[in-house]
Structures are given as structure tokens and as C-alpha cells.
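Asks:
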Amino acid sequence: MHSPDTIFHKILRKEIPATVVYEDDEVLVFHDIHPKAAIHLLFIPKHFVASIADITPETAHLPGLLILKAQKFAKEKGIDGYKLTFHVGKGGGQEVPYLHLHFLSEQKL
Ligand code: 5GP
4 MHSPDTIFHK
14 ILRKEIPATV
24 VYEDDEVLVF
34 HDIHPKAAIH
44 LLFIPKHFVA
54 SIADITPETA
64 HLPGLLILKA
74 QKFAKEKGID
84 GYKLTFHVGK
94 GGGQEVPYLH
104 LHFLSEQKL
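Those letters in the sequence shown? Residues 4 to 112, by the working numbering.
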């Protein structure tokens with residue numbers, strides 16, 4: 004089965020612009036285009052998985068990786084209050100079928 008080509012694949016390949024705030028070998032972090040808080044970032048792994056619903060023992064480290072990156076980012080930016088959310092499936096409000104962690108805070112970057 005081919006993996007889908009989502010908007011986040013295109014952002015990763017820099018085919019469409021995004022306001023990237025952090026990137027390393029494992030993750031890309033960028034501003035959500037429709038922010039729902041003063042800071043609304045999306046943390047995505049470079050390794051593609053569609054959703055928490057598709058996590059297997061082989062990819063079970065990815066949600067933890069995103070959480071660790073979010074924790075490190077918050078510490079470095081002095082953000083001590085934030086919300087982390089995974090939407091899972093259409094019924095869970097997931098629009099983009101590429102695993103992502105929402106990071107929301109009312110503090111300023
Ligand atoms: P979901 O609802 O799938 O959990 O979250 C997808 C998020 O991606 C939404 O909050 C939406 O605003 C954001 N989004 C959708 N398309 C784009 C885009 O082209 N660029 C950026 N930066 N964010 C997007």
C-alpha cells in the first residue's frame with residue numbers, strides 16, 4: 004500500500020511554506036495555520052505514521068518522541084504551561100492523516 008501524500012508531507016519537503024520554529028533529524032515543528040491559542044504549534048515526526056490509531060510496537064516510540072521534543076522546546080522557551088493533544092481519526096477531530104502533536108499555550112513565544 005502506498006503511503007498518502009498529505010499536506011504535512013509537502014511541508015516536510017518544503018513544497019509548501021510553513022513557519023518552522025524547530026527542525027532536527029527526527030521532527031519538524033511549525034505554527035498551525037489556524038491557531039487556537041496564543042501559541043499553537045504542530046510537532047510531526049519525520050518518519051510517517053498516519054495516526055495514533057496506526058501505532059505499532061515498531062513505531063510506539065514516536066508519540067513519546069514528540070512529547071519529549073515538546074517538553075524540551077517549552078523548557079528552552081520558558082513556557083511552563085501548555086496543552087498537548089493528539090486528535091485520533093475523523094471522529095476525534097483529526098483532519099490531516101499524518102501523526103502530529105498539537106502544542107497550545109497562552110504564553111508568548
Ligand atoms: P488535526 O485536526 O488533523 O488534528 O490538525 C491539523 C491541523 O493542521 C489543524 O489545526 C489545521 O489548522 C492545521 N493545518 C492544516 N493545513 C495546514 C497548512 O497547510 N499549514 C499549517 N501550518 N497548518 C495546517
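For every residue, glycine included, the Cβ atom is placed at its ideal position computed from N, Cα and C.
So for Glu79, helix, strand or coil by DSSP?
Replies: Locating residue 79 in the sequence shown gives position 76, counting from the first residue. Three-state DSSP puts Glu79 in a helix.
Asks: Tell me the rounded alpha-carbon separation between Leu45 and Leu107.
Replies: Here residue 45 is taken as the residue at index 42 of the sequence shown, counted from 1. Here residue 107 is taken as the residue at index 104 of the sequence shown, counted from 1. Using only the alpha carbons, I get a separation of about 9 Å.
Asks: From the DSSP secondary-structure annotation, give me the bridge partner or partners of Ile42.
Replies: Along the sequence shown, read from residue 1 onward, the residue named residue 42 stands at position 39. DSSP output for Ile42 lists Ser108 as bridge partner(s).
Asks: Taking 6 Å as the cut-off, does the CB of Ala21 come closer than this to any heavy atom belonging to the ligand 5GP?
Replies: Along the sequence shown, read from residue 1 onward, the residue named residue 21 stands at position 18. Result yes, Cβ under 6 Å from the ligand 5GP.
Asks: How about Val99 and Ile10: are their beta carbons less than 7 Å apart?
Replies: Indexing the sequence shown from 1 puts residue 99 at position 96. Indexing the sequence shown from 1 puts residue 10 at position 7. Going by C-beta atoms, Val99 is nearer than 7 Å to Ile10.
Asks: Tell me whether His34 sits in a helix, a strand or coil according to DSSP, three-state version.
Replies: Translated into the one-based positions of the sequence shown, residue 34 becomes position 31. Three-state DSSP puts His34 in a strand.
Asks: Grouping DSSP H, G and I as helix and E and B as strand, with all else coil, what is Pro48?
Replies: The sequence position of residue 48 within the sequence shown is 45, counting from 1. Three-state result, Pro48: strand.
Asks: Quick one: residues in its chain with C-beta nearer than 8 Å to the C-beta of Lys49, no 5 flanking neighbours on either side, listed in chain order?
Replies: As a position in the sequence shown, residue 49 is number 46, starting the count at 1. Excluding positions up to five away in sequence, the list reads Leu15, Asp28, Glu29, Val30 and Leu31.
Asks: Could you check if Ala41 is buried or exposed, using at least 16 other CB atoms within 10 Å of its CB as the buried criterion?
Replies: Locating residue 41 in the sequence shown gives position 38, where the first residue counts as 1. Exposed, because fewer than 16 other Cβ atoms sit within 10 Å of the Cβ of Ala41.
Asks: Quick one, which of Glu61, His43, Ala53 and Ile58 has its alpha-carbon nearest Lys111's?
Replies: As a position in the sequence shown, residue 111 is number 108, starting the count at 1. For the residues Glu61, His43, Ala53 and Ile58, the minimum Cα distance to Lys111 belongs to His43.
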